[in-house]
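Enquirer: In my numbering, the protein residues as written are 25 to 280. Note that the Cβ used here is the ideal one computed from N, Cα and C, for glycine as well. Everything numeric in this text was worked out from a predicted model, so none of it was measured. Sending over a structure as structure tokens; questions will come in a sec.
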């Protein structure tokens, strides 16, 4: 039996057999794919960043912003806001009266605002400044020097206020007389009673005595007004100084 033969296909002189196809993508496609991947990553990052920028502050951030703003008030508030022109008080269950500000001191050094026996305790706890102002009671018979001591934080302020005597004027805040006023003779020797309180990074202290400069009397001979006046003026300065304010992120006073 004759073998059947299958004729080969005709191939022209310029044609060659087709090779198997293993074609790669064009070289330009690889950079395009990489760029697309980078764009996707950047898009996701942009969405996340936009969320961080546009979101409101967290509770922790708001709390930190409030603490920072309060701690800087001794620098950012005008002196007349820290020590208002008038402070209300009440003596011996009588009607409300007003202590009037005589003047505000310019020396803010911690070491000169208090007695030497107390200055070391303040500086050791990082005292930043002590602002002082002197007031007269409504009858202008009593003079009161009020001082605001600023510290880095509440813990430092708590340690400092513990070093002030409960009611004794010394060692404590020094009297601040103002020449040419009714309180011109109110000096350290005239201090009769004192008070101090702490809230946040501040200690507010007050020392009170007779405006005419008479020397300190024994406790049994003091008028009740002397002891009652100082703590009320302390609270009148400390409370607004440490009261939280409405947060206004983006303004000069706030960082949040």
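1. From the DSSP output, in three-state form, read off residue 85 for me.
2. Following the continuous alpha helix (DSSP H) through residue 147, name the residue where it begins and the one where it ends.
3. Consult DSSP for residue 216 and reduce its assignment to one of helix, strand or coil.
4. Could you tell me if residue 130 is buried or exposed, where buried requires 16 or more neighbouring beta carbons within 10 angstroms of its beta carbon?
5. For residue 254 and residue 231, I'd like the C-alpha separation in whole angstroms.
6. Measure the alpha-carbon distance for residue 244 versus residue 81 and round it to whole angstroms.
7. With a threshold of 16 other CB atoms inside 10 Å of the CB of residue 143, please say whether the residue is buried or exposed.
8. Please list, in chain order, all residues of the same chain as residue 145 whose beta carbon is under 7 angstroms from its beta carbon, the five residues on each side excluded.
9. Who are the near neighbours of residue 135 in its chain, counting only those whose CB is closer than 7 angstroms to its CB and skipping five residues on each side?
10. Give the single residue among 259, 250 and 237 whose Cα lies nearest to the Cα of residue 221.
11. Using 10 angstroms around the beta-carbon of residue 196, count the other beta-carbons present and answer buried if the total reaches 16, otherwise exposed.
12. What does the alpha-carbon distance come out to for the pair residue 98 and residue 153?
13. If you follow the alpha helix (DSSP H) that residue 97 is in, where does it begin and where does it stop?
14. For the stretch 189-207 against the stretch 119-129, do three or more pairs of beta-carbon atoms, one drawn from each stretch, fall closer than 8 angstroms, so that the two count as touching?
15. Return the bridge partner residues of residue 106 from the DSSP annotation.
16. Quickly, what does DSSP pair residue 121 with across the bridge? List them, please.
17. Grab me the residues of residue 207's own chain with a C-beta within less than 7 angstroms of its C-beta, minus the 5 sequence neighbours each way, in chain order.
18. At the level of alpha carbons, what is the spacing between residue 216 and residue 86?
Expert: Taking the structure as given:
1. Three-state result, residue 85: helix.
2. Counting along the chain, the alpha helix (DSSP H) containing residue 147 begins and ends at 140-148.
3. The answer is strand: DSSP assigns residue 216 an E or B state.
4. If you draw a 10 Å sphere on the C-beta of residue 130, you find fewer than 16 other C-beta atoms in it, and that means exposed.
5. Going by C-alpha positions, residue 254 is about 6 angstroms away from residue 231.
6. Any answer about residue 244 is weak, because its pLDDT of 46 lies below 50 and its placement is not dependable; what the coordinates show is given next. Between residue 244 and residue 81, the C-alpha separation is close to 56 angstroms.
7. Buried, since its Cβ has 16 or more Cβ neighbours within 10 Å.
8. Once the five neighbours on either side are set aside, the close Cβ partners of residue 145 are 184 and 187.
9. Within the same chain, 143 and 147 come within 7 angstroms of residue 135 by CB-CB distance, once the 5 residues on both sides are set aside.
10. Of the residues 259, 250 and 237, the one whose Cα lies closest to the Cα of residue 221 is 259.
11. Within a 10 Å sphere around the beta-carbon of residue 196 sit 16 or more other beta-carbons, which makes this residue buried.
12. Here the alpha carbon of residue 98 sits roughly 8 angstroms from the alpha carbon of residue 153.
13. Segment 97-100, the alpha helix (DSSP H) holding residue 97.
14. Enough Cβ pairs lie closer than 8 angstroms, so yes.
15. Answer is none; residue 106 lacks a bridge partner.
16. Beta-bridge pairing links residue 121 to 113.
17. Excluding sequence neighbours, residue 207 sits near 126, 158, 160, 167, 201 and 235.
18. Going from the Cα of residue 216 to the Cα of residue 86 covers about 43 angstroms.
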